[in-house]
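Residues in the sequence shown are numbered from 9 upward in steps of one, following the numbering used here. Virtual Cβ for every residue (Gly too), placed ideally from N, Cα, C. Step one of this worksheet: look at the structure below.
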Amino acid sequence: MDYNTSRNMLILPEYGRNVQKMVEYAVLIEDKVERNKAIQEIVNIMGNANPHLRDIDDFKHKLWDQIAQMSKFEMEIDSPYPTPKKETFTAKPKLVPYTKGRLKYRYFGRIITKLIDAAIEEEDENKKSNLVKTIANHMKKLYIMWNKETVDDTVIIEKLGELSNGKLKVEKNAVLTDSKNIFGIRNRKRINHR
Numbered sequence: 009m010d011y012n013t014s015r016n017m018l019i020l021p022e023y024g025r026n027v028q029k030m031v032e033y034a035v036l037i038e039d040k041v042e043r044n045k046a047i048q049e050i051v052n053i054m055g056n057a058n059p060h061l062r063d064i065d066d067f068k069h070k071l072w073d074q075i076a077q078m079s080k081f082e083m084e085i086d087s088p089y090p091t092p093k094k095e096t097f098t099a100k101p102k103l104v105p106y107t108k109g110r111l112k113y114r115y116f117g118r119i120i121t122k123l124i125d126a127a128i129e130e131e132d133e134n135k136k137s138n139l140v141k142t143i144a145n146h147m148k149k150l151y152i153m154w155n156k157e158t159v160d161d162t163v164i165i166e167k168l169g170e171l172s173n174g175k176l177k178v179e180k181n182a183v184l185t186d187s188k189n190i191f192g193i194r195n196r197k198r199i200n201h202r
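Listed below in structure tokens is the structure:
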């Protein structure tokens, strides 16, 4: 009996064993013209797996690259696109640089500190006051999301002053968004159905 475990490993399992066998057969075709005809038909068959994408140019490029990949880069193909190198598929991705340093208040995140820095550098006082109020409202939203409870505006204003080293202050007459309305939740009247 012929089990899958005894067969060759599938390079791109999403296309199945039959497509891989067709590519393996096309590698063996010596006549270049016949081989290119066979490859074109295999690309069409692979495109039928996603008919809504097969006419998009980038998708066709991807299919030709996958043919080269399934042939283990051994087949000479007259592709309408540059043939990829084996190294591009085997190279490890670059490491993602993570920002270092601890946050004083994790629930506010790094974006709030960047927004605070931008607000400190803003020279137009009108824009600056609007930005400070927006930052404070966003801080209140993040605080409520993290702690699952309402928060007094003075706590947020105090934390904003602390994070900005006293450089940003919310205007005295400014009122932050009410905790009930911060997520767009509105009180709805219940309708009794009888």
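Taking only runs that begin and end inside the region 89-140, name each unbroken alpha helix (DSSP H) of 4 or more residues, in chain order.
Listed in chain order, the complete alpha helix (DSSP H) runs (minimum 4 residues) inside the region 89-140 are 94-98, 117-129.
By Cβ distance below 8 Å, which residues in the same chain neighbour Ser187 in space, the five residues on each side in sequence not counted?
These residues qualify, in order along the chain: Lys148, Ile152, Thr158, Val159.
Would DSSP call Gly174 helix, strand or coil?
Of the three classes helix, strand and coil, the one that applies to Gly174 here is coil, per DSSP.
For Asn44, report the span of its alpha helix (DSSP H) as first-last.
Per DSSP, the continuous alpha helix (DSSP H) segment holding Asn44 begins and ends at 40-56.
C-alpha gap between Pro88 and Leu20, whole angstroms:
Approximately 21 Å between the Cα atoms of the pair.
Boundaries of the alpha helix (DSSP H) in which Glu22 is found, first to last residue
That residue, Glu22, is in no alpha helix (DSSP H); it is neither H nor E in DSSP.
Output the distance between the C-alpha atoms of Gly109 and Glu129, rounded to the nearest integer angstrom.
Distance between the alpha carbons of Gly109 and Glu129: 22 Å.
When you compare the CB positions of Val27 and Met54, do they come within less than 8 Å of one another, or not?
The Cβ atoms of Val27 and Met54 lie closer than 8 Å to each other.
Return the Cβ separation of Leu71 and Val41 in integer angstroms, given the expectation that the two are a contact with Cβ distance under 8 Å.
By a beta-carbon distance limit of 8 Å, Leu71 does not contact Val41. Their separation comes to about 20 Å.
Through-space distance from Ala127 to Asn195, alpha-carbon basis:
Note that Asn195 scores 48 on pLDDT, short of 50, meaning its location in the model is unreliable; the coordinates nonetheless yield the value given after this. Rounded to whole angstroms, Asn195 to Ala127 spans 34 Å at the Cα level.
Distance check for Pro105 and Ala142, CA to CA, integer angstroms please.
Checking the displayed sequence, the identity of residue 142 turns out to be Thr instead of Ala. Using only the alpha carbons, I get a separation of about 29 Å.
Once DSSP output is grouped into helix, strand and coil, what is the label at Phe81?
Three-state DSSP puts Phe81 in coil, outside helix and strand.
Between Leu150 and Pro101, what straight-line distance do the alpha-carbon atoms span, to the nearest angstrom?
Put simply, the backbone Cα of Leu150 is about 33 Å away from that of Pro101.
Between the alpha carbons of His146 and Lys112, how many angstroms are there, rounded?
Taking the straight line from one Cα to the other gives about 17 Å.
Compute the minimum distance between the beta carbon of Glu49 and the heavy atoms of the ligand NAD, and state whether it is under 7 Å.
In the structure shown, the ligand NAD is absent, as is every other ligand, since no ligand is present at all.
Quick check: the Cα distance between Ala99 and Ala144, rounded to an integer number of angstroms?
If you take the alpha carbons of Ala99 and Ala144, they lie about 45 Å apart.
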